[in-house]
Amino acid sequence: MSLSTAPAPASGADRIAMVRAQALAIRRSAFTMVHDAGLGHPGGDFSAADILASLYFGIMRYDAKEPRHPDRDRFIMSKGHCTGAFYSVLAQAGFFPEADLKTYMQPLSKLNGHPNRNYLPGIETNTGPLGHGLPVAVGIAIAGTLSAKDYRTFVLTGDGELQEGSNWEAAMAAGHRKLNRLTVIVDRNRLQQGDRTEATNGLDPLDDKWRAFGFHVEMIDGHDHGTLLEVLGADPKGRDKPLCVIANTIKGKGVSFMEDNVSWHHGVPNAEQFAQAMKELI
Amino acid sequence: MSAAPKTNEGLYDCRDAFSKTLEALAEADDRVVAVVNDSVGSSKLGGFKKRWPERLVNVGIAEQNMVGVGAGLANGGRIPFVSCASCFLTGRALEQVKADVAYSNTNVKLCGQSPGIGYGELGPTHHSIEDLAWLRPLANLLTIVPSDPWETEQAIRFAAAYEGPVFIRVSRYPVPALQHKLDRIEPGKAEVMRDGDDVAILANGVMLHKALQAADVLAEQGVSARVVNMAWMNPLDVEAIIDAASTGAIVTVEEASVRGGLGGAVAETLALHRPVPMEMLGFPGFAPTGTVDFLFDHFGLSAAGISSAALKAISRKG
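Order-wise, the sequence lines are chains A and B. Read in this note's numbering, the first sequence has 196 at position 208, and its numbers run on one by one without any break. Read in this note's numbering, the second sequence has 129 at position 64, and its numbers run on one by one without any break.
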């Protein structure tokens, strides 16, 4: 069985339009889940939506019906609190029925506030505590090297999350081992739970940090689907080091009153806000 | 009452059994890999590294990454044995052990080297008397505390064959090779090393041979002591503990904190099922400076100390 991107790869403008449509669907779905559950992290769901849509509908090779296929590309959601977006993209990609999203955070639901690989297909490792995704991704990439497999490993981290030292342990190892099939994507929305990253424990110059750890760095607009597809889709054979994509994003992207507003880190909309957001998300 | 098991000549470092067994497994199955934190020497993996340099993943002094990388290697189809001083493996990387290995239920084998007070004079930063208490709530993390080279080999072989997370203590303290009653270890099965009906001594790891010595001391005083090998911390052999309580008095002996380890597990079981007088031997807190043997004697982890605790437990019978 051969793995492919799902659905079948489109090209050019059609491909970008498809990713844009999926990203919009992620936002609408995630916000509905947060509204219904009365819990969640919609700001980060929205900043990551375009990245997730690009990966699952334009870049990654997988078979949702055989989620642990040994040759699949791996994606790790290190910012595990953004399950509104993550579960939505998994459901849209066919890993489980979209109807299951209605159980988000309900008692005994498989859709916990943070992802569990033993509950749902398509999840590689349980995340939630920050700074866990990249070390696991490095291990997956090393396993691929040992087995001479050509799968790629993607990990999406928050930017505030990079204050966790475990990321830099893993980055050092990835650079040292020149894991060119590993890609770290940083959702650089510049806000963490309580404040701006730069007012809390500054990360800049973030690109220099990754370069110093042995990564090839691309800084892009994390909401530009064409650029995301181009940068994430570049053949890793063309570089001898891991790739770090610093995706400059806006927390709450897509809803006017949420954008770049720290209160929407884990804000929950009232009925009026929900209705307004759904009007904007079209 | 049966005779005490005889010990073979000589004393053994269980790390040798660990590395020899791991090499044998690696030869037979190329999925087996080792993951270390610059701990090639202290894990006695020099031979492994020489034979399979690419399958020994040394992440340097970075234990959080080490455990995460282990989980990633398992995701990629490998059987990783993550080997590192137990103090750093379980202390520094506890959240990775919890989230990436136990909660994620990954096929990672955690090998806590030189546990307990194996590092002696280096002190409490390098002691690992807390590991059993830290790991015991991780219900799906099978946990084995082998007593000698044979049991260490058995534990490593079991871990390789078992699909799921395992933690194994690998001791450096010189121990005799014991005469075991079982042909092979089985998950959650305690081993009655010596029968007795006045008191039961429940021990594991390098304390087991000292418990057997204590039973000899007690026999000379006309006291019949049962000695039970509690190598399996998880799953725990509840039936064996309840059965041991039929002697009317229990002593637990462990190279660990008395808070939350074997003693705690046994006390919970007795309280729920069959309360009897109990004495707990182990470390009450951070150990002072001293050699391993000094510290064992200082805290009563010796034939004299264990037999004394047994007599005390017996004296408390109603």
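Positions of the beta carbon are idealized from the N, C-alpha and C atoms, including for glycine.
### Query
Which residues bound the beta strand (DSSP E) around W297 of chain B?
Numbered from 1 along the second sequence, position 232 holds the residue referred to as residue 297 of chain B. Unbroken beta strand (DSSP E) run through W297 of chain B: W297 to N299.
### Query
Are W141 of chain B and K137 of chain A touching if we call contact CB-CB under 9 Å?
Sequence index remark: in the second sequence, residue 141 of chain B carries index 76 (1-based). Sequence index remark: in the first sequence, residue 137 of chain A carries index 149 (1-based). Trp is not the amino acid found at residue 141 of chain B; the sequence shown has Gly there. Cβ atoms of G141 of chain B and K137 of chain A: closer than 9 Å.
### Task
With 9 Å as the C-beta to C-beta threshold (strictly closer), list the residues of the segment 114 to 135 of chain A near chain B in chain order.
N114, T115, G116, P117, G119, H120, G121, L122, P123, V124, A125, V126, G127, I128, A129, I130, A131, G132, T133, L134 and S135
### Task
Identify, in the order they occur along the chain, each residue of the same chain with its Cβ nearer than 8 Å to the Cβ of N100 of chain A, setting aside the five sequence neighbours on each side.
The residue you call residue 100 of chain A lines up with position 112 of the first sequence. Within the same chain, N100 of chain A has close Cβ partners T71, M93 and Y107.
### Task
Return the chain-ordered ranges of every beta strand (DSSP E) run that is complete within the segment 82 to 131 of chain B and spans a minimum of 3 residues.
97 to 101 and 121 to 123
### Message
Just to make sure I have the definition right: I need the residues of chain A whose C-beta is within less than 7 Å of the C-beta of E285 of chain B. Which are they?
### Response
Along the second sequence, one-based indexing puts residue 285 of chain B at 220. Those do not exist, as E285 of chain B stays about 54 Å from chain A at its closest Cβ, beyond 7 Å.
### Task
Would you list, in chain order, the members of the segment 156 to 177 of chain B that have their beta-carbon closer than 8 Å to a beta-carbon of chain A?
Residues E160, Q161, A164, D165, Y168, S169, N170 and T171.
### Query
Based on the DSSP output, what are the partners of P123 of chain A in its beta bridges?
In the first sequence, counting from the first residue as 1, residue 123 of chain A sits at position 135. P123 of chain A is not bridged to any residue.
### Message
One question on the structure: do W130 of chain B and V174 of chain A come within less than 9 Å of each other, judged by their Cβ atoms?
### Response
Translated into the one-based positions of the second sequence, residue 130 of chain B becomes position 65. Translated into the one-based positions of the first sequence, residue 174 of chain A becomes position 186. According to the sequence shown, residue 130 of chain B is Asn rather than Trp. For N130 of chain B and V174 of chain A, no; Cβs fall outside 9 Å.
### Query
At least one CB of chain A closer than 9 Å to the CB of N73 of chain B: is that the case?
Here residue 73 of chain B corresponds to residue number 8 of the second sequence, with the count starting at 1. Caution is warranted here: a pLDDT of 46 is assigned to N73 of chain B, below 50, making its placement in the model unreliable, and the coordinate value is therefore given only provisionally. For N73 of chain B, the answer is no, since every Cβ of chain A falls outside 9 Å of its Cβ.
### Task
Just list the alpha helix (DSSP H) runs in the segment 150 to 188 of chain B, keeping only unbroken ones of 4 residues or longer that don't cross its boundaries, in chain order.
none
### Task
Reducing DSSP to helix, strand and coil, say where L267 of chain B ends up.
Translated into the one-based positions of the second sequence, residue 267 of chain B becomes position 202. Strand, per DSSP.
### Message
Does any residue of chain B have a CB that is nearer than 9 Å to the CB of M(-11) of chain A?
### Response
As a working note, residue -11 of chain A is residue 1 in the first sequence. With a pLDDT of 46 at M(-11) of chain A, under the threshold of 50, the modelled position of that residue is not reliable, and the figure given next carries that caveat. No, no contact with chain B.
### Task
Output yes if chain A places a C-beta closer than 9 Å to the C-beta of G137 of chain B; else output no.
Looking up residue 137 of chain B in the second sequence gives position 72. It does: the Cβ of G137 of chain B has a partner Cβ on chain A nearer than 9 Å.
### Query
Should A368 of chain B be flagged as near chain A, meaning a C-beta pair shorter than 9 Å?
Reading the second sequence from its first residue, position 303 is the one you call residue 368 of chain B. So, not an interface residue.
### Task
Could you tell me how far apart the beta carbons of A136 of chain B and D165 of chain B are, in whole angstroms, since I believe they sit closer than 8 Å?
Position 71 of the second sequence, counted from the first residue, corresponds to residue 136 of chain B. Position 100 of the second sequence, counted from the first residue, corresponds to residue 165 of chain B. Going by Cβ atoms, the distance from A136 of chain B to D165 of chain B rounds to 4 Å, so yes, they are a contact pair.
### Task
In the DSSP assignment, find the unbroken alpha helix (DSSP H) run with T113 of chain A in it and report its ends.
Working through the first sequence from its first residue, we reach residue 113 of chain A at position 125. Where T113 of chain A is concerned, there is no enclosing alpha helix (DSSP H), given that its DSSP letter is neither H nor E.
### Message
To the nearest angstrom, how far is the alpha carbon of S367 of chain B from that of T86 of chain B?
### Response
For the purposes of this step, residue 367 of chain B is taken as residue 302 along the second sequence, with counting starting at 1. For the purposes of this step, residue 86 of chain B is taken as residue 21 along the second sequence, with counting starting at 1. Going by the C-alpha atoms only, they are around 30 Å apart.
### Query
Are the Cβ atoms of F146 of chain B and V100 of chain B separated by less than 9 Å?
Locating residue 146 of chain B in the second sequence gives position 81, counting from the first residue. Locating residue 100 of chain B in the second sequence gives position 35, counting from the first residue. For F146 of chain B and V100 of chain B, yes; Cβs fall inside 9 Å.
### Message
Cutting at 6 Å between CB atoms, please list the residues of its own chain near G326 of chain B, excluding the five before and the five after it.
### Response
Position 261 of the second sequence, counted from the first residue, corresponds to residue 326 of chain B. Correct list, in chain order: L197, A198 and E319.
### Query
Does DSSP put K211 of chain A in a helix, in a strand, or in coil?
Residue 211 of chain A sits at position 223 when you count from the first residue of the first sequence. The question names Lys, but residue 211 of chain A in the sequence shown is His. Three-state DSSP puts H211 of chain A in coil, outside helix and strand.
### Task
Measure the alpha-carbon distance for F262 of chain A versus A41 of chain A and round it to whole angstroms.
The residue you call residue 262 of chain A lines up with position 274 of the first sequence. The residue you call residue 41 of chain A lines up with position 53 of the first sequence. Computed Cα separation, rounded: 22 Å.
### Query
What in chain D is Cβ-close to V122 of chain B, meaning under 7 Å?
Among the protein chains in the structure shown, which are A and B, there is no chain D.
### Task
Could you tell me the boundaries of the alpha helix (DSSP H) in which G31 of chain A lies?
Counted from its first residue, the first sequence places residue 31 of chain A at position 43. That run of the alpha helix (DSSP H) goes P30 to S42.
### Status (buried if at least 16 other CB within 10 Å, exposed otherwise) for S67 of chain B
Taking the second sequence and counting its residues from 1, one reaches residue 67 of chain B at position 2. Because S67 of chain B sits at a pLDDT of 36, beneath the cut-off of 50, its placement in the model cannot be relied upon, and the point is left open.
### Query
With a cut-off of 9 Å, does the C-beta of S154 of chain A fall near any C-beta of chain B?
As a first step, residue 154 of chain A is located in the first sequence; it is residue number 166 there, counting from the start. For S154 of chain A, the answer is yes, since a Cβ of chain B falls inside 9 Å of its Cβ.
### Query
So V293 of chain B packs on A265 of chain B, CB below 8 Å; how close in whole Å?
Within the second sequence, residue 293 of chain B is the residue found at index 228, counting from 1. Within the second sequence, residue 265 of chain B is the residue found at index 200, counting from 1. The beta-carbon distance between V293 of chain B and A265 of chain B, rounded to whole angstroms, is 6 Å. This is short enough to meet the 8 Å contact definition.
#### Entry: Selection from A:K67, A:A158 and A:R15 that minimises the alpha carbon distance to V124 of chain B
Numbered from its first residue, the second sequence carries residue 124 of chain B at position 59. The option with the nearest alpha carbon to V124 of chain B is A:A158.
### Message
Taking 9 Å as the threshold (beta carbon to beta carbon), is V341 of chain B in contact with chain A?
### Response
For this step, residue 341 of chain B is matched to residue 276 along the second sequence. Interface flag for V341 of chain B against chain A is unset, since no Cβ pair is found closer than 9 Å.
### Query
If you follow the beta strand (DSSP E) that T317 of chain B is part of, which residue opens it and which one closes it?
As a working mapping, residue 317 of chain B is identified with position 252 in the second sequence. Under the DSSP assignment, T317 of chain B falls in the beta strand (DSSP E) whose first and last residues are I315 to S322.
### Message
Going by DSSP in three states, F142 of chain A sits in which element: helix, strand or coil?
### Response
Locating residue 142 of chain A in the first sequence gives position 154, counting from the first residue. F142 of chain A: strand per DSSP, three-state reduction.
#### Entry: Beta-bridge pairing of V147 of chain B - partner residues as DSSP gives them
Residue 147 of chain B sits at position 82 when you count from the first residue of the second sequence. V147 of chain B is bridged to B:V100 and B:L175.
### Query
Can you tell me whether DSSP reads M(-11) of chain A as helix, strand or coil?
Reading the first sequence from its first residue, position 1 is the one you call residue -11 of chain A. Any reading at M(-11) of chain A is ruled out, since the residue's pLDDT is 46, under 50, leaving its predicted position unreliable.
### Query
When DSSP builds the beta bridges, which residues end up paired with V231 of chain B?
Here the question's residue 231 of chain B lines up with position 166 in the second sequence. Paired residue(s): B:K174 and B:L207.
#### Entry: Minimum Cβ-Cβ distance from N104 of chain A to chain B less than 9 Å
The residue given as residue 104 of chain A occupies position 116 in the first sequence. Judged by the 9 Å Cβ criterion, N104 of chain A is in contact with chain B.
### Message
Between A259 of chain A and chain B, is the shortest Cβ-Cβ distance under 9 Å, so that the two count as touching?
### Response
Position 271 of the first sequence, counting from 1, holds the residue named residue 259 of chain A. So, not an interface residue.
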